[in-house]
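K.L.:
This structure is in structure tokens; I'll ask about it shortly.
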Amino acid sequence: MRWPLLGAALLAASAGAQAVPRLPQAGAETRARAVLQGMTLDEKIGQVSMAHFFRFLEGRKSGPIAPGAGDIFAQLLPGATLNGGGDAPQPNTPRGWADALRGLETLGRQHLPGGVPAVFGTDAVHGVNNVPGATLYPHNLGLGAAFDPALTRELARATAADMRAMNMDWNFSPVADLGRDPRWGRFYETFGESPWLVADQITAAVTGLQSGGVAATLKHFVGYGSPGLGRDRANAEISMRALHELYLPPFRAGIRAGAMSVMANSGSVNGVPVHASQNILTDLLRGELGFKGLLVSDWNDIDRLVGTFKTHADLVTATAASVNAGIDLYMVPNDVEKYGAALKEAVKTGLVSQERLDEAALRMLTFKAELGLMDTRPAGSSVLADHRALAKRAAAATPTLLENDQALPLKKGRVLVTGPAMDSAATQLGGWSVNWQGVGKGNVGYVPKVSTIATALKASAPAGVTVSALPDGKREALLTAAAKADTIVVALGEAPAAESQADNPSLSLPAAQVQLLRDLMGTGKPVVLVLMAGRPILLPEELQNRLSALVMAYLPGSEGGAALANALYGRAGFPGRLPFTWPGNLGEVGLTADRPPEGAGDAPLPLYPLGFGLDYTAFRTADGRAEKMADGVKVSVTVINTGEKGGTGTLIVRASLPPAGNLEAAKRPVGVVRAELKRGEARTLSVTIPLERLEVFTGDAYGSVTGSVVPGQYAFEVGSESVQLSLP
Ligand code: GLC
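Structure, rendered in structure tokens:
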């Protein structure tokens, strides 16, 4: 089902976002076809190319629009433009962005075929992260821990509103890959390990973005999150069964939600670069999943077929392979001319048919018609809204308490705060913040204002608590202060990074941080470790076991400090639950909750399982039930808050399936029930599990697979409740 575009526009209007007139696809396609008919070969080739917007700025770098930008449009004829993950116009202000993009749109209307401007795409993956002054939200991994798709939708809608204010139309977001190997540098960009729990988040993100008038992009199709050795863009070996049971559900959900575009995986699957895989980009994406929108490449990935994968001899054959495999639009930031010449050669020699080129160009034009780019429209406000309250609410929904020997909440005495993450915007925001490699990287010096944990703990200390914050550089002075403290809060974390630069094969913190932790624990004082990281971190066992408290803060965004301080002081709880399995050692990397029984016997127990998290209260479950409904299985359970404080009960529903001849997860996560409950409150919560979530894909080792809901006895587990149900 395509997202009801008209509804989207009305919804967008009501949400205060810039209402973007969006046409139902048929109308959009009709208008696109009319433009296509009048286009030359060169214009069609330009239409399926995406150029870096620097090509149109002075000196082809960060600057104002170049005087000859109109002529450059007329020469390159790009269908789309983008900024690299750290590239900005000048002035690099919200107004500067809005004016530059509006200016490029106006020039596109004057110089491009049919007066249809190039559409601008960008990675606004946790707010409009390149624009100074933008509020930055928790990265997806923390939102995965919140298990709150409604919150994800709200954040996406707020992001869309800010994008529209900046005259941006297209977000290369959400990441629909799974986080199943924490060594991988993009683990934090995922919503977690579990296909169906991630699928619910993808539906929310797509709905939020597109109801706000911005095109969403499901990325990176498919299997990008399970690269060999956890190395970004390494080859992934994925069976047909794993493909259907694990990797397709989030993309299927996003397509059902009406995602207007999909971005291809830069890596390779089963020895085939995805950008040259007809199986993946056409048979699967179009044939099996029914995607009808725009398929965009990732960065320079047709060139990489020649230079990196070495699977194609030259750019012409690589272009033909990729375009014929299904790539509609090539993200070729710095050399559209070279691509244009290669594609022209491929069409002229028949390697790429005219029909295929027309199909790709039509999808590009239809995409833009759906976004309203075929009509003049009001300019964005050029003002970013203040979303700090939303960012704080989001940050408060994420932290996960993993250990607490009563050191928390901090109620009295002298608290010493230290550690490199106690007041670091760079660490707190993570990658894709100002620069794709994080604050302080690249050529933009802007440092976003953030609420840090040091400032927030000092500013909001309750009566009876005194807080001092000391940087960890002067170790002697720090340890002297530590000797006088009653509790030490140390904030540690990974340096910001993205993609392969964020790979962390040892799941470790920098040695200096481990030494700091060791020194602080050597004082004998209770140590509360707050981790700002994009993955599970492995600490030396002798340190891990002696922590008085351990908080996983993920990458909490602009308001992370204030939210964490509230949780550490007990004014709020720790609602986050792990959206992934936390391994106890490197040998357990890749261990997930849905690991099936296998010849090796029971899977090792992880350090912390999927869904784990402590809080200042406790919950129990009772009265579990499962009943067949028209659209699935309704699972109900009564959740009781048995503690002294209010809190959020989040429980994963796990299904045990009847034997079907193939290995299957002993307990497959298929849904979540979640509610904030006052102390002593009991509430019956329910969720309907669509039957497709119970499908198994059977078939022999090297055969094709067939999905079905196998007749037999099922069990549904929620908390301590387990209920049986036979299907059909
Ligand atoms: C990058 C990423 C992709 C991003 C694109 C544009 O290489 O793989 O996620 O959207 O390039 O920045």
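Note that the sequence shown ends on residue 1150 in this note's numbering; no numbers are left out. Glycine is no exception: its CB is placed at the ideal position from the N, C-alpha and C atoms. Bear in mind that the values here come from a model prediction, so they are computed numbers and not experimental data.
Could you check if N967 is buried or exposed, using at least 16 other CB atoms within 10 Å of its CB as the buried criterion?
P.N.:
Along the sequence shown, one-based indexing puts residue 967 at 545. That one is exposed.
K.L.:
Buried or exposed, going by whether 16 or more other CB atoms sit within 10 Å of the CB of E898?
P.N.:
Residue 898 sits at position 476 when you count from the first residue of the sequence shown. Exposed is the call here.
K.L.:
Report yes if the C-beta of F594 is less than 7 Å from at least one heavy atom of the ligand GLC; otherwise report no.
P.N.:
The residue given as residue 594 occupies position 172 in the sequence shown. Result yes, Cβ under 7 Å from the ligand GLC.
K.L.:
Please go through the region 644-716 and give each complete beta strand (DSSP E) segment of 3 or more residues, from N-terminal end onward.
P.N.:
Runs found: 683-686.
K.L.:
Are the beta-carbon atoms of H548 and G492 separated by less than 8 Å?
P.N.:
Numbered from 1 along the sequence shown, position 126 holds the residue referred to as residue 548. Numbered from 1 along the sequence shown, position 70 holds the residue referred to as residue 492. No. Outside cutoff.
K.L.:
By the DSSP assignment, the alpha helix (DSSP H) with Y761 in it spans what residues?
P.N.:
By one-based count along the sequence shown, residue 761 stands at place 339. Run containing Y761: 758-770, per the alpha helix (DSSP H) assignment.
K.L.:
Is the closest heavy atom of the ligand GLC to the C-beta of L526 under 7 Å?
P.N.:
On the sequence shown, residue 526 is found 104 positions in, with the first residue counted as 1. No, Cβ of L526 sits at least 7 Å from all heavy atoms of the ligand GLC.
K.L.:
For the alpha helix (DSSP H) holding N987, just list the boundary residues, first then last.
P.N.:
Within the sequence shown, the letter at position 565 stands for residue 987. Just to set this straight, residue 987 is Ala in the shown sequence, not Asn. Run containing A987: 982-990, per the alpha helix (DSSP H) assignment.
K.L.:
For S1148 and F1002, what's the separation of their Cα atoms in angstroms?
P.N.:
Locating residue 1148 in the sequence shown gives position 726, where the first residue counts as 1. Locating residue 1002 in the sequence shown gives position 580, where the first residue counts as 1. Distance between the alpha carbons of S1148 and F1002 is about 29 Å.
K.L.:
Please classify T1014 as buried or exposed, where buried requires at least 16 neighbouring CB atoms within 10 angstroms.
P.N.:
Taking the sequence shown and counting its residues from 1, the one referred to as residue 1014 is at position 592. T1014 should be labelled buried.
K.L.:
Let me know the secondary structure DSSP gives A430 once reduced to three states.
P.N.:
By 1-based counting over the sequence shown, the position of residue 430 is 8. Residue confidence is low: A430 scores 40 on pLDDT, short of 50, so the model does not pin down where it sits. No coordinate-derived value is stated.
K.L.:
Does the distance from the CB of T639 to the CB of F713 come in under 8 Å?
P.N.:
In the sequence shown, the residue the question calls residue 639 occupies position 217. In the sequence shown, the residue the question calls residue 713 occupies position 291. Cβ atoms of T639 and F713: not closer than 8 Å.
K.L.:
Starting from N1063, trace the alpha helix (DSSP H) both ways and give me its first and last residue.
P.N.:
Counting from one through the sequence shown, the residue named residue 1063 turns up at place 641. No alpha helix (DSSP H) holds N1063; the beta strand (DSSP E) holding it covers 1054-1063.
K.L.:
At what residues does the alpha helix (DSSP H) containing T739 begin and finish?
P.N.:
Sequence index remark: in the sequence shown, residue 739 carries index 317 (1-based). Residues 737-747.
K.L.:
Between M753 and S719, which are expected to be in contact by the criterion C-beta below 8 Å, what is the C-beta distance as a whole number of angstroms?
P.N.:
For the purposes of this step, residue 753 is taken as residue 331 along the sequence shown, with counting starting at 1. For the purposes of this step, residue 719 is taken as residue 297 along the sequence shown, with counting starting at 1. Indeed, because the Cβ distance is near 5 Å, the residues count as touching under 8 Å.
K.L.:
By Cβ distance, which residues of its chain are closer than 6 Å to T503, with the 5 residues on each side in sequence left out?
P.N.:
By one-based count along the sequence shown, residue 503 stands at place 81. Result list for T503: A473, F475, A540, F542, in chain order.
K.L.:
What are the partner residues of E372, as DSSP defines its beta bridges?
P.N.:
A query on residue 372 cannot be resolved here, the shown segment of the chain reaching from 423 to 1150 and no further.
K.L.:
Helix or strand or just coil, what does DSSP make of H642?
P.N.:
Counting from 1 along the sequence shown, the entry for residue 642 is found at position 220. Looking at H642 - three-state DSSP - the assignment turns out to be strand.
K.L.:
Determine, using beta-carbon pairs with one atom in the region 847-859 and one in the region 907-920, whether at least three such pairs fall under 8 Å.
P.N.:
The region 847-859 is in contact with the region 907-920.
K.L.:
Consult DSSP for S922 and reduce its assignment to one of helix, strand or coil.
P.N.:
Numbered from its first residue, the sequence shown carries residue 922 at position 500. Correct three-state label for S922: helix.
K.L.:
Between A1040 and the rest of its own chain, which residues show a CB-CB distance below 6 Å, the 5 nearest in sequence each way excluded?
P.N.:
As a position in the sequence shown, residue 1040 is number 618, starting the count at 1. Correct list, in chain order: T1064, G1065.
K.L.:
By the three-class DSSP mapping on this structure, what secondary structure does F1119 have?
P.N.:
Mapped onto the sequence shown, residue 1119 falls at position 697. F1119: strand per DSSP, three-state reduction.
K.L.:
Secondary structure at S375, three-state DSSP: helix, strand or coil?
P.N.:
The structure shown does not extend to residue 375, since the chain is modelled only from 423 through 1150, so no value can be given for it.
K.L.:
Quick check on this structure: which residue in T515, G506, F478, A556 has the alpha carbon closest to the alpha carbon of G398?
P.N.:
Absent from the model: residue 398. The displayed extent of the chain is 423 to 1150, so no value can be given.
K.L.:
Have a look at A907, E1114, G886 and flag the residue whose alpha-carbon is nearest the alpha-carbon of A675.
P.N.:
Residue 675 sits at position 253 when you count from the first residue of the sequence shown. The option with the nearest alpha carbon to A675 is E1114.
K.L.:
Could you pull out every residue in the same chain whose Cβ sits closer than 6 Å to the Cβ of P831, ignoring the five residues on either side in sequence?
P.N.:
Counting from 1 along the sequence shown, the entry for residue 831 is found at position 409. Y991, G992.
K.L.:
Among L1008, G715, G693, E759, which residue has its Cα nearest to the Cα of F731?
P.N.:
Within the sequence shown, numbered from 1, the residue matching residue 731 stands at position 309. Ranking L1008, G715, G693, E759 by Cα distance to F731 puts G693 first.
K.L.:
Leaving out the 5 sequence neighbours to the left and right, which residues in its chain are closer than 6 Å to D1045 when beta-carbon positions are compared?
P.N.:
Here the question's residue 1045 lines up with position 623 in the sequence shown. Correct list, in chain order: T1060.
K.L.:
May I ask whether a heavy atom of the ligand GLC can be found less than 7 Å away from the beta carbon of H642?
P.N.:
Reading the sequence shown from its first residue, position 220 is the one you call residue 642. It does: the Cβ of H642 is within 7 Å (strictly closer) of some heavy atom of the ligand GLC.
K.L.:
List the DSSP bridge partners of V628.
P.N.:
Here residue 628 is taken as the residue at index 206 of the sequence shown, counted from 1. None; V628 has no bridge partner.
K.L.:
Give the secondary structure of G895 by DSSP, where H, G and I count as helix, E and B as strand, and everything else as coil.
P.N.:
If you number the sequence shown from 1, residue 895 lands on position 473. Of the three classes helix, strand and coil, the one that applies to G895 here is coil, per DSSP.
K.L.:
Out of V1127, Q1146, K1050, V936, which one is the CA nearest neighbour of P1112?
P.N.:
One-based indexing of the sequence shown puts residue 1112 at position 690. Here the closest residue by C-alpha is K1050.
K.L.:
Could I get the ranges of all uninterrupted beta strand (DSSP E) runs contained in the region 854-920, with 3 residues as the minimum, in chain order?
P.N.:
Complete beta strand (DSSP E) runs here, min 3: 887-891, 909-915.
K.L.:
Based on Cα-Cα distance, which residue from A903, E1117, G1093 lies nearest to L1107?
P.N.:
By 1-based counting over the sequence shown, the position of residue 1107 is 685. Closest by alpha carbon: G1093.
K.L.:
Identify every run of the beta strand (DSSP E) within the region 518-593, keeping only runs that are complete inside it and at least 3 residues long; order them along the chain.
P.N.:
Segments of the beta strand (DSSP E) lying fully in the region 518-593: 541-544.
K.L.:
Who are the near neighbours of G508 in its chain, counting only those whose CB is closer than 8 Å to its CB and skipping five residues on each side?
P.N.:
As a first step, residue 508 is located in the sequence shown; it is residue number 86 there, counting from the start. Hits under 8 Å: N552, V856, N857, W858, Q859, K863, G864, N865, V866.
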